[in-house]
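Heads up, the sequence shown is in this note's numbering, so the first residue is 3 and it goes up one at a time.
Glycine is no exception: its CB is placed at the ideal position from the N, C-alpha and C atoms.
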Amino acid sequence: MTREAASGADAAPTGHDSAQGPRDSSDDRGDAGDTIVFATIDAAIDEIRAGRPVLVADDEDRENEVDVIFAARTATREWLAWTIRHSSGYLCAPMPAALADELELPLMVDRSQDPRQTAYTVSVDAAEGVTTGISAADRATTLRALGAPGATAADLIRPGHVLPLRAVDEGVFARAGHTEAAVDLVRLAGVGTVGAIAELVLDDGDMMRVPDAAALAADLGLALVTITALADWRRDHDR
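See the structure below:
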């Protein structure tokens, strides 16, 4: 199923500037048994362009996880705080490998033993505007530094509290992961090529699957899409 684009003020809870941050949904999430409603990819692109996050699910036979994804350039402390609260706080910043080279972000290890081959680089903080680097406000500042037009290696210090990731060049066509989905969505939205992602978890510590993510998305008016749908959209619109 799909729903029509719900971007900007149209998707915001009444009386709340949702591009800045969410309202508190900790006690009023919907029933995970409700009908799962997926957004269109066009809606997800509009949401990211408007500064809002989207929820993105990969295949059940892959990680079977749902990540929150938004543009690094538009990161706010409010949405960072929400993301940290609904994830384990492990915040990554996917980007094209060429940009990682420009920012002097080498791979964390020479030989990865990760079965998914997630390409972690050295961690970073913003060189200016942060304190210890760990707070939601500081990590939002670091993300904006990573996503800023004309960002340079001198804008960052190493190590830090945000983990950049190197995406493969062909995006979700070559690797159906959240790293590539983030870069694809941010690029399509026209807000740079650096994303921010975190894996959603439940309060009991388990990973959040699609039914619970659908309830969360419905409660906050967020777009929920799949990487498979993104790949299909790109085949039709973005060759």
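Within its own chain, the residues whose Cβ lies closer than 6 Å to the Cβ of A128, once the five positions on either side in sequence are excluded, are T143, T144 and A147, listed in chain order. Between the alpha carbons of V111 and E130 lies a distance of about 27 Å. By the C-beta density criterion, D206 is exposed, having fewer than 16 other C-beta atoms within 10 angstroms. In the three-state DSSP reduction, G149 falls in the helix class (H, G or I). A distance below 7 Å between beta-carbons, with the five flanking residues on each side excluded, links A156 to the following residues of its chain, in chain order: A129. Here V126 is not near P108, since their CB atoms are 8 Å or more apart.
In the DSSP assignment, T85 falls within the alpha helix (DSSP H) that extends over R79 to H88. Of the candidates A216, G23 and I43, the residue whose Cα lies closest to the Cα of A231 is I43.
The Cβ atoms of A198 and A100 do not sit closer than 8 Å to each other. If you look at T228, you'll find it in the beta strand (DSSP E) that goes A225 to T228.
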